[in-house]
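Number of protein chains: 2
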Amino acid sequence: MPTSQPIKAFLDKGPEYLPSVSVDCVIFGFHENQLKVLLLEFKHTKAFALPGGFVFKEESTDEAATRILWERTGVKDIYLEQFHTFGEQNRGNWDVHKATMSSHGFELEVEHWLLQRFISIGYYALVDFSKVQPTPDIFSDLGDWYDIHQIPALILDHNMIIDKALETLRLMLDHKLVGFNLLSETFTMNELQSLYETILDKKLLRANFQRKMLSLGILERVKKKFSGKAHKPPYVYRINQNQ
Amino acid sequence: MPTSQPIKAFLDKGPEYLPSVSVDCVIFGFHENQLKVLLLEFKHTKAFALPGGFVFKEESTDEAATRILWERTGVKDIYLEQFHTFGEQNRGNWDVHKATMSSHGFELEVEHWLLQRFISIGYYALVDFSKVQPTPDIFSDLGDWYDIHQIPALILDHNMIIDKALETLRLMLDHKLVGFNLLSETFTMNELQSLYETILDKKLLRANFQRKMLSLGILERVKKKFSGKAHKPPYVYRINQNQ
DNA sequence: TCAAAAGTGTTCTTGTTACACCCATGC
DNA sequence: GCATGGGTGTAACAAGAACACTTTTGA
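In structure tokens, the structure reads:
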């Protein structure tokens, strides 16, 4: 069974990891006016999960999150922030892991390191949807984006982790300018407003939104975009890095 | 050496703890117009540290923080919230632990569980200063309050943990009514204002502060306090739990 | 009667909300 | 010209800052 080789390599890595500590990433993207989250689908068992992993003894938790993010999206230099640590005694059952391993021919003992209790440090990431190529890991055969309103049932407490991440993201929008990380380098005011409306889940008035954003003094007007549409073409903005 | 008995009992408890995970508590109190933090002073080595501990395999991290808080202050039902997890690879050196144990007659091997890498989940607590009896743990002979502006050098990254806790507390004051937890059950508007001024480190206008607080609709006016001072006695307030 | 601190009122400024209006474009 | 969506202007309202004024007490 050739596919079992990377699995075995992973299982053998147990001693290199910091025990009891895991990292889960809620990767947000924005596409077609939908806020999306990157989910992995497990092979065979058809279970869904957040991209996550373990922390090497020789790296910080931040580095671990950055590494996992890079492995799943192929992108570095991503906006990434820790938002909460989930330390319930029973965060759910590990049957999925056991079944997945079993399907690859590995029957894990109850004491196996992969089946022990882990706390999970939750990170959320904001990425430019167009730059990301979702990549499954060795357990999953599919990595794909899901609308925040259509998240399937996930393993463990991963649904709760997404809820908390979204809550944090909404709080952050208010007093930090994180939203831009979800758009491409240049964008129209309309795109920015749609992003805010989607995340906050409420309509905003165009006129006031524009004034508020421009009053921050960090948006630079690049040029008119000739959209070919039958109306006045919008300006295109980018963030002024000099600020 | 009779004092070494509890130390040995503690060291033997290693296997009952979740590996790699620790909890540190920044306990805030308010007294004489000073924001204070509860610190422990280690025996012999004269080092200072935050109250902290480890997480039993049979408890959640929240429960661990609550337990540690209770052991150090004698108070339950405390406002307690996780604010950040510190997961740097090298959070500082463990010489203090080694020296402390050595002074009790225990020479720890390099592989001893107490000397391994731990991440630390930071919690901050807001307590009623008057109800707290600082209690040292088995390593420390002194638990005492320190003005936030006069924190000594602490072990590991504990100074950074306090900074982050204070930053979080300031953010929280803005959009959550956490401040009351630092006062006794009833308080005057002046006391409440002093608390805000101390935490935010800036003067506020009495008239506007009062209006803002009362407009929240959660303060209940109890009675006049006859202070014996030569001025109009202030009203006494308490939080209206019905809200 | 006076000083001290508590509490209320009033004005001015600022920010937010709502809506009206003008602009550039393709058809 | 006209419909469409982008962009600006402005009045009404709410929130915040600054300061003046009144109230209640002990000495």
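Heads up: the sequence lines are chains R and B, in that order.
Here the first sequence is numbered in numbering that gives the first Met the number 0, starting from 0 and rising by one per residue.
Here the second sequence is numbered in numbering that gives the first Met the number 0, starting from 0 and rising by one per residue.
Built from N, CA and C at the ideal position, the CB exists for glycine as well.
Exercise for the section: Determine contact between the stretch 151-158 of chain R and the stretch 101-112 of chain R, defined as no fewer than three beta-carbon pairs at a distance below 8 Å. Expected result: no
Problem - Local conformation of B:Leu314 per DSSP, three classes - result: Given that chain B is displayed from residue 0 to residue 242, the structure contains no residue 314 of chain B and the question cannot be resolved.
Problem - Exposure of B:Lys35, with buried meaning 16 or more beta-carbon neighbours within 10 Å - result: Counting from 1 along the second sequence, the entry for residue 35 of chain B is found at position 36. Per the 10 Å Cβ criterion, buried.
Practice task
Keeping to the same chain, check which residues put their C-beta closer than 7 Å to that of R:His96; ignore five residues upstream and five downstream.
Solution key: Your numbering for residue 96 of chain R matches position 97 in the first sequence. Cβ-Cβ distances below 7 Å link R:His96 to Leu113 and Leu114 in the same chain, with the five nearest sequence neighbours on each side left out; the list follows chain order.
Problem - R:Arg169 versus R:Leu199 - alpha carbon distance - result: By one-based count along the first sequence, residue 169 of chain R stands at place 170. By one-based count along the first sequence, residue 199 of chain R stands at place 200. In this structure, the straight-line span from the alpha carbon of R:Arg169 to that of R:Leu199 is close to 6 Å.
Problem - Cβ neighbour criterion (16 or more within 10 Å) applied to R:Phe225 - result: Counted from its first residue, the first sequence places residue 225 of chain R at position 226. When all chains shown are included, R:Phe225 counts as exposed.
Handout entry: Spatial distance of R:Asn315 from B:Ala63 (CA atoms)
Key = Since the displayed chain R opens at 0 and closes at 242, residue 315 of chain R lies outside it and no answer follows.
Exercise for the section: Please classify R:Phe117: does DSSP put it in a helix, a strand, or coil? Expected result: Residue numbering aside, residue 117 of chain R sits at position 118 when the first sequence is read from its first letter. Coil at R:Phe117, not helix or strand.
Exercise for the section: Please decide whether R:Gln242 counts as near chain B, where near means a Cβ-Cβ distance under 9 Å. Expected result: Residue mapping note: residue 242 of chain R aligns to position 243 of the first sequence, counting from 1. Residue placement at R:Gln242 is flagged as unreliable, the pLDDT there being 48, under the threshold of 50; the coordinate-derived value follows with that caveat. Closer than 9 Å: no.
Handout entry: Whether B:Val74 touches B:Val131 by CB criterion (9 Å)
Key = For the purposes of this step, residue 74 of chain B is taken as residue 75 along the second sequence, with counting starting at 1. For the purposes of this step, residue 131 of chain B is taken as residue 132 along the second sequence, with counting starting at 1. In contact: B:Val74 and B:Val131 (Cβ atoms closer than 9 Å).
Practice task
Would you mind reading off the limits of the beta strand (DSSP E) that contains R:His10?
Solution key: By one-based count along the first sequence, residue 10 of chain R stands at place 11. Checking the displayed sequence, the identity of residue 10 of chain R turns out to be Leu instead of His. Where R:Leu10 is concerned, there is no enclosing beta strand (DSSP E), although the alpha helix (DSSP H) it sits in stretches over Ser3 to Asp11.
Exercise for the section: Determine, using beta carbons only, whether R:Lys56 comes closer than 9 Å to chain B. Expected result: The residue given as residue 56 of chain R occupies position 57 in the first sequence. It does: the Cβ of R:Lys56 has a partner Cβ on chain B nearer than 9 Å.
Exercise for the section: Would you mind reading off the limits of the beta strand (DSSP E) that contains R:Ile238? Expected result: Stepping through the first sequence from its first residue, residue 238 of chain R is reached at position 239. Its beta strand (DSSP E) spans residues Tyr234 to Ile238.
Exercise for the section: Starting from R:Glu221, find everything on chain B with Cβ-Cβ shorter than 8 Å and list it in chain order. Expected result: The residue given as residue 221 of chain R occupies position 222 in the first sequence. One point to set straight first is that residue 221 of chain R is Val, not Glu, in the sequence displayed. Chain B residues near R:Val221: none, gap ~34 Å exceeds 8 Å.
Practice task
Using beta-carbon positions only, say whether B:Trp144 and B:Leu39 come within less than 9 Å of one another.
Solution key: Here residue 144 of chain B refers to the residue found at position 145 when the second sequence is read from its first residue. Here residue 39 of chain B refers to the residue found at position 40 when the second sequence is read from its first residue. The answer is no: Cβ separation not under 9 Å.
Exercise for the section: Compare the C-beta of R:Glu15 against all C-beta atoms of chain B and say whether one is closer than 9 Å. Expected result: Along the first sequence, one-based indexing puts residue 15 of chain R at 16. Answer no: the Cβ-Cβ gap between R:Glu15 and chain B never drops below 9 Å.
Handout entry: Neighbourhood of R:Tyr236 by C-beta distance below 8 Å, restricted to the same chain and skipping five residues each side
Key = To locate residue 236 of chain R, count along the first sequence from 1; it is residue 237. Contacts found: Thr185, Phe186, Thr187, Met188, Leu191, Leu218, Glu219, Arg220 and Val221.
Exercise for the section: Could you check the C-alpha separation between B:Lys223 and R:Ile120 for me, to the nearest Å? Expected result: Within the second sequence, residue 223 of chain B is the residue found at index 224, counting from 1. Within the first sequence, residue 120 of chain R is the residue found at index 121, counting from 1. Their Cα atoms are separated by approximately 49 Å.
Handout entry: Local conformation of B:Ile77 per DSSP, three classes
Key = Counting from one through the second sequence, the residue named residue 77 of chain B turns up at place 78. Secondary structure at B:Ile77: coil, using DSSP grouped into helix, strand and coil.
Exercise for the section: Round the Cβ separation of B:Ile6 and B:Ile137 to the nearest angstrom and send it over; I've been treating them as touching at under 8 Å. Expected result: Position 7 of the second sequence holds residue 6 of chain B. Position 138 of the second sequence holds residue 137 of chain B. Contact flag correct, Cβ pair sits at about 6 Å.
Practice task
Compare the beta carbon distance of R:Val126 and R:Ile77 with 9 Å and say whether it is the shorter of the two.
Solution key: Counted from its first residue, the first sequence places residue 126 of chain R at position 127. Counted from its first residue, the first sequence places residue 77 of chain R at position 78. A contact, by the Cβ cut-off of 9 Å.
Handout entry: Where R:Lys35 sits in the DSSP three-state scheme
Key = Residue numbering aside, residue 35 of chain R sits at position 36 when the first sequence is read from its first letter. R:Lys35: strand per DSSP, three-state reduction.
Handout entry: Cβ pair B:Lys42, B:Ser129 closer than 9 Å
Key = Residue numbering aside, residue 42 of chain B sits at position 43 when the second sequence is read from its first letter. Residue numbering aside, residue 129 of chain B sits at position 130 when the second sequence is read from its first letter. Not a contact, by the Cβ cut-off of 9 Å.
Handout entry: Per-residue DSSP class, three states only, for B:Trp144
Key = If you number the second sequence from 1, residue 144 of chain B lands on position 145. Of the three classes helix, strand and coil, the one that applies to B:Trp144 here is strand, per DSSP.
Problem - Within-9 Å CB hit, B:Pro247 to chain R - result: The shown model of chain B, from 0 to 242, leaves out residue 247 of chain B, and the question about it has no answer.
Exercise for the section: List the whole-angstrom C-beta distance separating B:Phe55 from B:Glu15, where the pair is believed to meet the contact cut-off of C-beta under 8 Å. Expected result: Reading the second sequence from its first residue, position 56 is the one you call residue 55 of chain B. Reading the second sequence from its first residue, position 16 is the one you call residue 15 of chain B. Correct: roughly 6 Å between the Cβ atoms.
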